[in-house]
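The letter at position 38 of the sequence shown is residue 38 when you use the numbering used here, and the numbering goes up by one with no holes.
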Amino acid sequence: MERITLAKKKKTKEQEDEEFEEKPLLEIEDADSKILKELVNADRLQIEKIDAMKIKTKDSDALKVAESVLDVETRTTLFNLRKRKIIENMTGVISTGKEANVYHGYAPDGSELAIKIYRTSTNIFKGLQIYIIGDPRFAKIKRDQRSLVYAWARKEFKNLSRAYKAEVSVPKPIYNLKDVVVMEFIGEKSLPYRIMKECEIDDPQATYKEVLSNLRKLYTKARLVHADLSEYNMIYTPKVYFIDISQAVLLDHPYAEIFLFRDIKNITRYFYSRGAKVQKPEKLYEKLVGEPPSNKVLAFEM
Ligand SMILES: Nc1ncnc2c1ncn2[C@@H]1O[C@H](COP(=O)(O)OP(=O)(O)O)[C@@H](O)[C@H]1O
Ligand SMILES: [Mg+2]
1 MERITLAKKK KTKEQEDEEF EEKPLLEIED ADSKILKELV NADRLQIEKI DAMKIKTKDS
61 DALKVAESVL DVETRTTLFN LRKRKIIENM TGVISTGKEA NVYHGYAPDG SELAIKIYRT
121 STNIFKGLQI YIIGDPRFAK IKRDQRSLVY AWARKEFKNL SRAYKAEVSV PKPIYNLKDV
181 VVMEFIGEKS LPYRIMKECE IDDPQATYKE VLSNLRKLYT KARLVHADLS EYNMIYTPKV
241 YFIDISQAVL LDHPYAEIFL FRDIKNITRY FYSRGAKVQK PEKLYEKLVG EPPSNKVLAF
301 EM
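In C-alpha cells, the structure reads:
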C-alpha cells in the first residue's frame with residue numbers, strides 16, 4: 001500500500017523531487033510508520049554507546065535534539081531514501097550543529113554512511129543568504145524557509161560532487177533528497193575520525209602541504225572557494241578530508257576572493273600554531289590566483 005509512489009518511468013531526479021513535493025506527506029500507512037520509527041529513532045542504547053566512546057556531541061541530550069530535527073516531512077524523506085535503497089538504517093548521532101545534524105548509518109550493501117540532515121525549523125539561514133544570493137545556480141529558489149533549506153542541502157551536494165570530481169579529498173557524495181545529504185562516512189566501525197581541531201598532527205609540514213594541494217584543486221579544477229575552511233571543517237585520518245562545503249561559492253561569486261583569502265588565513269594560522277613553516281597568506285593567495293589580493297580583499301573583515 002504505497003501512497004507515496006516511486007516514479008515508474010525513468011525520470012530525472014529533479015522531476016522525482018517535484019513529484020514528491022505534490023504528494024500528501026502525512027499519509028504513511030501504519031506498517032510503514034513502524035519501519036520509519038526503526039529508521040529514524042536513533043536508539044538510546046546506541047547513543048549511550050556512542051557517548052561512552054566519546055564521539056563528539058555538543059549536546060548531552062543528543063537524542064532529544066536528534067528527534068527535534070526530524071519533523072514529519074524529514075521522516076518521510078528518510079522513508080523515501082530507504083525505499084530508494086540509499087539508506088538501510090540510522091544508528092546514531094555524530095554531531096548536532098546549528099544548521100544541521102550528522103548521523104551515522106548503513107547503506108543496504110552494509111557500507112557506512114554519513115547522513116547530514118538540515119534543520120528546517122531554524123532561522124539561522126538568514127545570516128547565510130549571502131552565500132546563496134549571487135550564486136547563479138540558486139537564482140530561482142523560493143524565499144520561504146523550507147525551500148531555502150532544501151536549496152542549501154542541494155548546494156552542499158552539488159559542491160561536494162564538483163569537488164569530488166575534481167579529485168579534492170572530500171567524502172564521496174551519494175545522494176540528496178530535500179533536506180538530507182547522504183555521503184561517505186569518514187570513519188571505521190561507526191567511529192568517525194576527528195576534525196583537525198581535535199587532533200595531534202603527526203607531521204604538520206606534510207599535512208599543510210596536503211591541505212594546500214586540496215585547496216589548489218578546489219580552486220583551479222572545481223572552481224570553488226570553500227568559504228568556511230578551518231580546522232573545524234577538515235577531518236584528519238591522517239589523510240585530510242575537507243567537509244562542510246554547503247557554503248562554498250563559485251569563483252564568480254562577488255565575495256569569492258574575500259572568502260578565499262579568509263580560508264587561506266585560517267589555514268596559515270592553524271598550521272603556524274602547529275609548528276609548520278608556513279607561507280604568508282598574501283603570497284599563497286598570489287600563487288593560487290595569479291595576482292596579489294586587491295585592497296578590497298585585504299581590507300575586508302568578516
Ligand atoms: N562524512 C563524514 N564522516 C564522518 N564524520 C562527519 C562527516 N561529515 C561530518 N562529520 C562530522 O560531523 C560534524 C559536523 O559536520 P559539518 O558538515 O561540519 O556540519 P556543521 O558544522 O554545519 O554542523 C563534523 O565536525 C564531523 O565531526
Ligand atoms: Mg562544520
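All C-beta atoms in this analysis are idealised placements derived from N, C-alpha and C, irrespective of residue type, glycine included.
(request) Specify, as a first and last residue, the run of the alpha helix (DSSP H) that V297 falls within. (result) N295 to A299
(message) Am I right that R274 and P204 are in contact with their C-beta atoms under 8 Å? What's the rounded C-beta distance?
(response) 4 Å
(request) Name the two residues that bound the continuous beta strand (DSSP E) containing K116. (result) E112 to Y118
(request) Using only the heavy atoms of ligand 2, determine whether one of them is closer than 6 Å to the beta carbon of N233. (result) yes
(message) For ligand 1, is there any heavy atom lying closer than 6 Å to the beta carbon of G105?
(response) no
(request) Could you check what DSSP says for I326 in three-state terms: helix, strand or coil? (result) Coverage of the chain is limited to positions 1 through 302, which leaves residue 326 absent and any answer about it impossible.
(request) State the start and end residues of the unbroken alpha helix (DSSP H) segment that holds E282. (result) P281 to V289
(message) On the criterion of 16 or more Cβ atoms from any shown chain inside 10 Å, does D179 qualify as buried, or is it exposed?
(response) buried
(request) Return the residue from the list E198, M234, F185 and K265 that minimises the CA-CA distance to I94. (result) F185
(message) Out of S294, Y118, A100 and M234, which one is the CA nearest neighbour of M196?
(response) M234
(message) Does the contact criterion of 3 or more C-beta pairs under 8 Å hold for the region 282-293 versus the region 167-181?
(response) no
(request) Compare the Cα-Cα distances from S111 to each of L160, K189, D135 and N80 and report the closest residue. (result) K189
(message) Assess contact between the region 229-245 and the region 254-268, defined as three or more Cβ pairs (one per stretch) separated by less than 8 Å. Is contact present?
(response) yes
(message) Taking the beta strand (DSSP E) that Y236 belongs to, which residues open and close that run?
(response) M234 to Y236
(request) Hey, could you find the ends of the alpha helix (DSSP H) Y208 is sitting in? (result) P204 to T220
(request) Give the straight-line distance between the Cα atoms of L251 and L177, rounded to the nearest whole angstrom. (result) 26 Å
(message) Between the region 208-221 and the region 141-159, can you find at least three pairs of beta-carbon atoms closer than 8 Å?
(response) no
(request) For L45, I'd like the list of residues in its chain whose CB is within less than 7 Å of its CB, leaving aside the five on either flank, ordered along the chain. (result) Reliability of the predicted coordinates at L45 is poor, the pLDDT of 38 falling under 50, and the value obtained from them is presented with this limitation in mind. Once the five neighbours on either side are set aside, L45 has no close Cβ partner at all.
(request) Indicate, with yes or no, if ligand 2 has a heavy atom lying under 6 Å from the CB of D244. (result) yes
(message) Within 8 Å, do at least three Cβ pairs link the region 153-165 to the region 82-90?
(response) no
(message) The alpha helix (DSSP H) that contains Y337, what's its start and end?
(response) Examination of residue 337 is not possible in this model, given that the chain is present from 1 through 302 alone.
(message) For D135 and A151, I'd like the C-alpha separation in whole angstroms.
(response) 11 Å
(request) With hydrogens ignored, establish whether the beta-carbon of V102 is closer than 6 Å to any heavy atom of ligand 1. (result) yes
(message) Applying the 10 Å Cβ sphere with the 16-neighbour rule, what's the burial state of Y272?
(response) exposed
(message) Can you tell me whether L25 is helix, strand or coil according to DSSP?
(response) Caution applies to L25, whose pLDDT of 32 falls short of 50 and renders its modelled position unreliable; the value that the coordinates give is listed next. Three-state DSSP puts L25 in coil, outside helix and strand.
(message) Bridge partners for G105 per DSSP, in chain order?
(response) M90 and L113
(message) Taking the beta carbon of A153 as the centre, do at least 16 other beta carbons fall within 10 Å, making it buried, or is it exposed?
(response) buried
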